[in-house]
Every structure is written in structure tokens, then in C-alpha cells.
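Okay, so here's the structure we're looking at.
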Amino acid sequence: MSTLDERYGRRTTRRWVWPTITAVGVALGIVWAAWVALDTEPVTAEVHGYAVESPARTVATIEVRRPEPVPVRCTVYAQALDHSVVGERTVDVPAGTRERTRVEVPISTEREAVTAVLRTCQLTD
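Here the numbering used here = 1-based position in the sequence shown + 1073.
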């Protein structure tokens, strides 16, 4: 009697290699999907609106969302037509009882702005 290797030739790869690679890939995919689904930012914010009151002043209205009453520091900047930053302001939003808070942020500008942009919004100590 002959062995299978003598009869059919030796296998080039082991049987366990591809199932193991597939299992590791699936496990990594599940871990990544769970991380994306469960990762929530403690604070989110966006520019709700803005008003260019004069060439030297723009007022931005930001909406801050936070699940817990924690203090937040946000930075908003005004941008000119050529995309240059013409004014910037950092504002502290105190801890409050409401989950959504709107704050008006007046920004002094060196020349007329055409938009207001939220740079950052972070928890403060």
C-alpha cells in the first residue's frame, strides 16, 4: 500500500492556513465594527448659523450637544472670501442641565467675513 503523499503528491499548503487567516480577518472586522458602533464622543457641536453684522464683526451661533452637564470650550473662527482666517474666538460654555445648548459667539474680524467655522469643541477640566 502507498501513502496519500506518494499517490497524489504532497500538498503545497496546510489545510489550516486559509481557515485561520479567514477567522482572524472576520474577528478583526467584528472588533472594528463594534468599536465604530460603540464609540461616542462626549461632546459634539456645529455652527447653527452666523450673521455678518459689519466688516469688523461676525456673530456665530453654535449648538453644543453633551449627554452630561459638563463644561466645554469651543473655538470658532471667521473666514473671508479667500478662505483666510480673519477672526477667531474661544468661548467657555458652562456646565448646564440641557443636553443641547445654543451659544452666540461674537467674533471681531480684521476685514469682512463670509462664513463662520467651528474649529474645536472639547471638555474642560
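Glycine included, each C-beta is placed from N, C-alpha and C at the ideal position. Bear in mind the structure is a predicted one, so any value in this text is a computation, not a measurement.
The C-beta distance from P1167 to V1132 rounds to 19 Å, too long to fall under 8 Å, and the pair is not in contact. Within its own chain, the residues whose Cβ lies closer than 8 Å to the Cβ of V1145, once the five positions on either side in sequence are excluded, are V1116, A1118, V1137, R1139, D1165, V1166, C1194, Q1195, L1196, T1197, listed in chain order. In this structure, the beta-carbon distance from R1175 to T1148 does not fall below 8 Å. V1097: member of the alpha helix (DSSP H) spanning 1090 to 1111, first to last residue. Excluding five sequence positions before and after P1142, the CB atoms of its chain that fall closer than 7 Å to its own CB belong to A1168, G1169, T1170, given in chain order.
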